[in-house]
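Heads up, the thing below is written out as structure tokens.
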Amino acid sequence: MVSSFASKNDHLFPKVKVLMLGDAGVGKTSISRRLTEEEFHPSYVHTVGIDFFEKAIQIHDQIVRLQLWDTAGQERFHSLIRPYYRGASGVVLVYDVTDRNSFNNIQEWMETLRENLNLGQITDTLIMGNKTDLVGRRVSSAEGRTLAQRQNCAFAEVSAKDGNNLETSFMGLAQRIWNRRISTVERGGSPGHQTRFETIELNAIPLHHPYQNKCCRK
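Straight run, no breaks: the sequence shown in full-length UniProt numbering ends on number 218.
Below is the structure:
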């Protein structure tokens, strides 16, 4: 369940920090705004450096702050973004299904991610194809799924314009992160250290109730 914060004690809720990475123009800001504000703006403005969005979600019986750190896709901003990798427990790598180059560049974004993570830092990563509402697709679902399997990442296709599959995908990612955190703490370890999960497709899974959504469980 995704909702807005309504309490003056919002800061007391635990947070899940997720980085949004990908080429300029793939729709990272539109995705973030659609999920957190339920808005879509067709006019496109480049993110300068980094932007921040936050939304309350309920995972099992816990209210969690889902924080989306929306990064600029232009190379000249990469050095400014580097410090924001610290503390990230999830990453969404976004490409445009109508832009082949943005898909091909996901591999480079994966390498950038690995280079900037701290030693021992583990993130759950979701490869996300955006703009499924548009005609002229240049990247098939099968190609996206194969790439995610090769990189051992989750996979989803979404539309920031109409919101298709967005909540499901982010709830699945957040639940995977939260389950990892709880499982690791129960074993007496650090929430940021964990073996990798199997590849999972976060697509077309209904969110009837947060307690019933099992799309992220092993």
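C-beta atoms are modelled at their ideal positions from N, C-alpha and C, and glycine is treated no differently. Predicted model, so just to flag it, every value in this text is computed and none were measured.
1) Count Cβ pairs between the segment 33-40 and the segment 85-103 that sit closer than 8 Å; are there 3 or more?
2) Which one of G144, E111, Q107, V94 has the shortest CA to CA distance from N130?
3) Find out if the Cβ-Cβ distance for the pair I81, A72 is shorter than 8 Å.
4) If you follow the alpha helix (DSSP H) that I122 is part of, which residue opens it and which one closes it?
5) Nearest to D51 by CA position, among V139, D61, K17, is which residue?
6) In whole angstroms, what separates the C-alpha of I182 from that of E37?
7) Below 8 Å, how does it come out for the segment 117-134 and the segment 144-160: are there three or more Cβ pairs, yes or no?
8) Going by C-alpha distance, which of L134, P83, E167 is nearest L113?
9) Please report how far the alpha carbon of A142 lies from the alpha carbon of Q121, in whole angstroms.
10) Going by C-alpha distance, which of L21, F13, A24, N164 is nearest D133?
11) Is A154 helix, strand or coil when you go by DSSP?
12) Nearest-angstrom Cα distance between W69 and R176?
13) Considering only their Cβ atoms, is the gap separating F53 from E160 smaller than 8 Å?
14) Cutting at 8 Å between CB atoms, please list the residues of its own chain near G136, excluding the five before and the five after it.
15) Can you round the beta-carbon distance between G22 and K28 to whole angstroms, since I take them to be within the 8 Å contact cut?
The answer reads as follows:
1) no
2) V94
3) yes
4) Taken as a continuous stretch (DSSP letters only), I122 belongs to no alpha helix (DSSP H), as it is neither H nor E.
5) K17
6) 28 Å
7) Taking 8 Å as the limit for Cβ pairs, the verdict is that the segment 144-160 does touch the segment 117-134.
8) P83
9) 30 Å
10) N164
11) strand
12) 18 Å
13) The residue you asked about is not Glu; residue 160 is Ala in the sequence shown. No, Cβ-Cβ distance for A160 and F53 is not below 8 Å.
14) Sequence-distant Cβ neighbours of G136 in its own chain, meaning closer than 8 Å and more than five residues away, are T98.
15) 6 Å
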